[in-house]
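J.: Going by the working numbering, 133 is the number at position 133 of the sequence shown; the sequence numbering is gapless.
Glycine residues also receive a C-beta, built at the ideal position from the N, C-alpha and C atoms.
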Amino acid sequence: MAILQAALHRHPDDPEYRYAYGTELYQQQKYDEALDFFLPLLDLHGERLRLDPGPGQTADLTIKAAYALSRTGRTETSIQLLRKGLERYPDHPEMLELLAGLYLENRRPADALSQLEPALGAGSSSAFYTTLSGSGSYRSMHLAGLALEGLWMFGEAAARYSAVLSIRPNYAPSWSRLPQLAMITGQEEQLANLLADLRNRVPPDVWVSILHETIYFRKDDFAGKVWELAPDTIRNRYYPLWEAIILAREDADAASRRFKRLGSSVEAEWYLWAISVKTESENETDLRLPPNFHEPMTEALYRRCQDVLLQVCAWEGVLRWMDRFPANLACPQLPVHRYYAYLSSPEAAIEALLDTARQRRETLTARDGLALGGLAFHAGKLPDSLDWFRYAGQFEPARIEQPAALAYVNLLMARKRLPSRLSDVFAAPDQDQFSRVIRSFMILSG
Numbered sequence: 001m002a003i004l005q006a007a008l009h010r011h012p013d014d015p016e017y018r019y020a021y022g023t024e025l026y027q028q029q030k031y032d033e034a035l036d037f038f039l040p041l042l043d044l045h046g047e048r049l050r051l052d053p054g055p056g057q058t059a060d061l062t063i064k065a066a067y068a069l070s071r072t073g074r075t076e077t078s079i080q081l082l083r084k085g086l087e088r089y090p091d092h093p094e095m096l097e098l099l100a101g102l103y104l105e106n107r108r109p110a111d112a113l114s115q116l117e118p119a120l121g122a123g124s125s126s127a128f129y130t131t132l133s134g135s136g137s138y139r140s141m142h143l144a145g146l147a148l149e150g151l152w153m154f155g156e157a158a159a160r161y162s163a164v165l166s167i168r169p170n171y172a173p174s175w176s177r178l179p180q181l182a183m184i185t186g187q188e189e190q191l192a193n194l195l196a197d198l199r200n201r202v203p204p205d206v207w208v209s210i211l212h213e214t215i216y217f218r219k220d221d222f223a224g225k226v227w228e229l230a231p232d233t234i235r236n237r238y239y240p241l242w243e244a245i246i247l248a249r250e251d252a253d254a255a256s257r258r259f260k261r262l263g264s265s266v267e268a269e270w271y272l273w274a275i276s277v278k279t280e281s282e283n284e285t286d287l288r289l290p291p292n293f294h295e296p297m298t299e300a301l302y303r304r305c306q307d308v309l310l311q312v313c314a315w316e317g318v319l320r321w322m323d324r325f326p327a328n329l330a331c332p333q334l335p336v337h338r339y340y341a342y343l344s345s346p347e348a349a350i351e352a353l354l355d356t357a358r359q360r361r362e363t364l365t366a367r368d369g370l371a372l373g374g375l376a377f378h379a380g381k382l383p384d385s386l387d388w389f390r391y392a393g394q395f396e397p398a399r400i401e402q403p404a405a406l407a408y409v410n411l412l413m414a415r416k417r418l419p420s421r422l423s424d425v426f427a428a429p430d431q432d433q434f435s436r437v438i439r440s441f442m443i444l445s446g
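1. Should S345 and W321 be called a contact, given that it needs their Cβ atoms to be closer than 9 Å?
2. With 16 as the cutoff for other CB atoms within 10 Å, does Y31 come out buried or exposed?
3. Looking at I275 and V312, is the spacing between their C-beta atoms short of 9 Å?
4. Give, in chain order, every unbroken run of the alpha helix (DSSP H) that is at least 4 residues long and sits entirely within the region 205 to 255.
5. Is the beta carbon of P240 sitting closer than 9 Å to the one on E269?
6. Starting from the C-beta of V425, find all residues in its chain whose C-beta is less than 6 Å away, skip the five residues before and the five after it, and write them out in chain order.
7. Which parts of the region 117 to 188 are runs of the alpha helix (DSSP H), unbroken and 4 residues or longer, counting only runs that do not cross its ends?
8. Please identify the residue among L289, G263 and S140 whose C-alpha is closest to the C-alpha of E97.
9. Along the chain, which unbroken stretches of the alpha helix (DSSP H) at least 4 residues long are found entirely within the region 298 to 327?
10. Alpha carbon to alpha carbon, how far is I210 from P179?
11. Less than 9 Å separating the beta-carbons of A68 and L35?
12. Which first and last residues belong to the alpha helix (DSSP H) in which L364 is found?
13. Considering just the uninterrupted stretch of the alpha helix (DSSP H) at T72, what are its terminal residues?
14. Is it buried or exposed, H142, if we count other Cβ atoms within 10 angstroms and call 16 or more buried?
15. Just how far apart, CA to CA, sit I167 and A159?
16. Cα-Cα, which of R324, T58, V277 and N200 is closest to M297?
17. CB-CB under 8 Å to R421, same chain, minus the five flanking residues each way: which ones, in chain order?
18. Let's test the definition: count the other Cβ atoms within 10 Å of the Cβ of T58 and tell me whether it reaches 16, buried, or not, exposed.
19. Are the Cβ atoms of L4 and E33 separated by less than 9 Å?
20. Name the two residues that bound the continuous alpha helix (DSSP H) containing I443.
21. Quick one: is A348 buried, meaning 16 or more other Cβ sit within 10 Å of its Cβ, or exposed?
22. Could you have a look at N193 and say whether DSSP puts it in helix, strand or coil?
23. Tell me which residues share the same chain as G369 and place their Cβ nearer than 6 Å to its Cβ, disregarding the 5 neighbours each side in the sequence.
24. For a test of the three-state rule: what should DSSP assign to A110, helix, strand or coil?
25. On the premise that G380 lies in contact with F441, defined as a C-beta separation below 8 Å, what is that separation, rounded to the nearest angstrom?
26. If you draw a straight line from the C-alpha of K278 to the C-alpha of K225, how long is it?
27. Taking a contact to mean a Cβ-Cβ separation below 9 Å, would you say L247 touches A254 in this structure?
28. Near L195, which residues of its chain fall below 6 Å by C-beta distance, leaving aside the five closest residues on each side in sequence?
29. When the Cα atoms are used, what is the spatial distance from Y340 to I184?
30. Less than 6 Å between C-beta atoms, sequence neighbours within five positions excluded: which residues of the same chain meet that for A371?
31. What three-state label does DSSP hand A274 in the structure shown?
32. Among P383, L151, D60 and V202, which residue has its Cα nearest to the Cα of S162?
33. Taking the alpha carbon of L120 as the point to measure from, which residue in R108, L113, E105 and S137 has its own alpha carbon closest?
34. Looking at the unbroken alpha helix (DSSP H) that takes in L96, where does it start and where does it end?
35. Can you tell me whether D232 is buried or exposed? The criterion is at least 16 other CB atoms within 10 Å of its CB, across all chains shown.
36. Give a yes or no on whether the C-beta atoms belonging to L144 and E117 are separated by under 9 Å.
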């Protein structure tokens with residue numbers, strides 16, 4: 001930095017020095033200061049670029065400036081700059097990806113997808129541009145999956161994530177989306193086939209994460225099927241813990257004895273705590289604190305508590321635990337990150353969650369409204385579903401999912417209430433397909 005400052009002092013208008021110094025500031029995340037050096041070098045108003053117009057520095061400068069603009073709240077200017085840059089370099093995959101990412105952030109999935117298809121067609125373009133690893137390949141595929149989710153094309157989104165992982169089995173962002181999406185939309189078999197194909201190429205921490213994720217889904221013992229696919233190193237290490245967690249869903253006392261035999265591991269202590277909350281009497285007033293609890297209650301710790309309670313099916317325990325904290329806790333108190341766990345819960349658990357949500361309605365977001373509407377729909381409670389979808393529509397800008405879901409539930413209710421000779425006037429909707437869409441509200445980004 002000192003050498004560049006000295007050079008700039010001698011040659012304050014030299015574009016190469018300004019570009020280099022701006023890059024140093026950019027790498028320190030001093031985006032406003034970096035833009036003071038970047039923007040005068042760029043062709044924002046149809047003027048000639050002040051750097052060498054080759055594909056190297058100029059494209060890099062455009063990307064850095066656009067990203068800095070987006071991080072400082074100037075999204076539209078960032079989009080304008082990228083569009084202009086793509087006029088010069090229409091097949092630059094990283095530039096296309098950045099523009100697509102901005103469209104996704106602004107809930108414009110169709111526009112995002114329109115940028116990602118040419119990015120994938122261009123490939124890495126490594127012979128022409130210096131780009132991030134995966135640009136034009138698995139990174140573009142993953143972003144396309146997110147865009148397809150935004151367009152409700154969940155099957156196609158899952159296919160993109162699967163394609164990413166076939167190329168890059170350790171790509172964590174796609175693993176963070178695919179298991180939930182596959183299990184919620186009924187694509188468990190495809191997920192199992194992918195895991196079987198990649199069995200020894202999936203990183204151990206990803207395997208553990210997937211195994212924990214499957215515990216939230218009780219349909220057809222899918223968790224057990226995935227466990228059978230895990231590599232021997234994972235199975236040998238985690239089997240006693242895994243067996244005890246699965247047992248805790250049905251027999252808390254037997255599971256408690258099993259966890260105690262595992263010794264004093266942190267994981268065992270957490271699940272013993274969850275079982276104690278699950279089995280405590282409704283009349284108990286003493287707060288059972290989780291292992292190694294220290295004030296204040298953080299969101300990460302709060303979510304961890306919800307996770308282990310949901311994994312052992314402590315449905316009442318989740319709500320009792322939540323009720324023991326003040327409504328002004330500095331994070332949403334509902335299990336906003338695990339709504340989908342209730343897809344396999346008893347109907348009474350969904351009713352209790354909906355009742356608790358109504359009491360805390362003023363703290364909920366549009367995403368909460370969609371998810372709760374989806375849960376009510378899943379439980380066959382169409383009036384409650386309608387109410388929560390209407391709630392989601394109060395937010396600006398309203399999500400595109402809300403009016404479609406609202407129209408669909410209204411149509412179903414009309415068909416139920418009208419005489420059969422009149423209800424046939426309305427085309428019968430594909431209920432299975434839309435049920436999968438509504439279930440996907442459980443994992444849609446906020």
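T.: Quick look at the numbers:
1. With contacts defined as CB atoms closer than 9 Å, S345 and W321 fail to qualify as a contacting pair.
2. The residue is buried, with at least 16 neighbouring Cβ atoms inside 10 Å.
3. A distance below 9 Å separates the beta carbons of V312 and I275.
4. Qualifying alpha helix (DSSP H) stretches, in chain order: 222 to 229 and 232 to 248.
5. Using a Cβ distance threshold of 9 Å, P240 and E269 do not count as a contacting pair.
6. With a pLDDT of only 46 at V425, under the threshold of 50, the placement of this residue in the model should not be trusted, and no figure is reported.
7. Counting only runs of 4 or more, we get 138 to 150, 154 to 167 and 172 to 184.
8. Taking E97 as reference, the option from L289, G263 and S140 with the minimal CA-CA separation is S140.
9. Qualifying alpha helix (DSSP H) stretches, in chain order: 299 to 311 and 315 to 323.
10. Each residue's Cα considered, the two are about 7 Å apart.
11. Yes, the Cβ-Cβ distance between A68 and L35 is below 9 Å.
12. No alpha helix (DSSP H) holds L364; DSSP gives it neither H nor E.
13. Neither: T72 is in no alpha helix (DSSP H) and is coded neither H nor E.
14. Label assigned to H142: buried.
15. Here the C-alpha atom of I167 lies approximately 13 Å from the C-alpha atom of A159.
16. Among R324, T58, V277 and N200, the Cα nearest to that of M297 belongs to R324.
17. With a pLDDT of only 45 at R421, under the threshold of 50, the placement of this residue in the model should not be trusted, and no figure is reported.
18. Burial of T58 is indicated by the presence of at least 16 other C-beta atoms within 10 angstroms of its C-beta.
19. Not in contact: L4 and E33 (Cβ atoms no closer than 9 Å).
20. No alpha helix (DSSP H) holds I443; DSSP gives it neither H nor E.
21. Exposure of A348 is indicated by the presence of fewer than 16 other C-beta atoms within 10 angstroms of its C-beta.
22. Residue state, collapsed to three classes: helix.
23. Short of 6 Å from the beta carbon of G369, and not among the five residues preceding or following it, lie these beta carbons of its own chain, in chain order: W388, Y391 and A392.
24. Helix at A110.
25. Not confirmed; about 16 Å, so no contact.
26. Between K278 and K225, the alpha-carbon positions lie close to 26 Å from each other.
27. By the CB criterion at 9 Å, L247 and A254 fall inside the cutoff.
28. Closer than 6 Å at Cβ, skipping near neighbours: L229.
29. About 8 Å.
30. Counting only Cβ-Cβ distances below 6 Å, and skipping sequence neighbours, we find Y339, F441 and M442.
31. In this structure, A274 counts as helix in the three-state DSSP scheme.
32. Answer by Cα proximity: V202.
33. Checking every option, the nearest Cα to that of L120 belongs to S137.
34. Segment P93 to E105, the alpha helix (DSSP H) holding L96.
35. By the neighbour-count rule (16 or more Cβ atoms within 10 Å), D232 is not buried but exposed.
36. Sequence inspection shows Ala at residue 144; the Leu mentioned does not correspond to that position. In this structure, E117 lies closer than 9 Å to A144 by Cβ.
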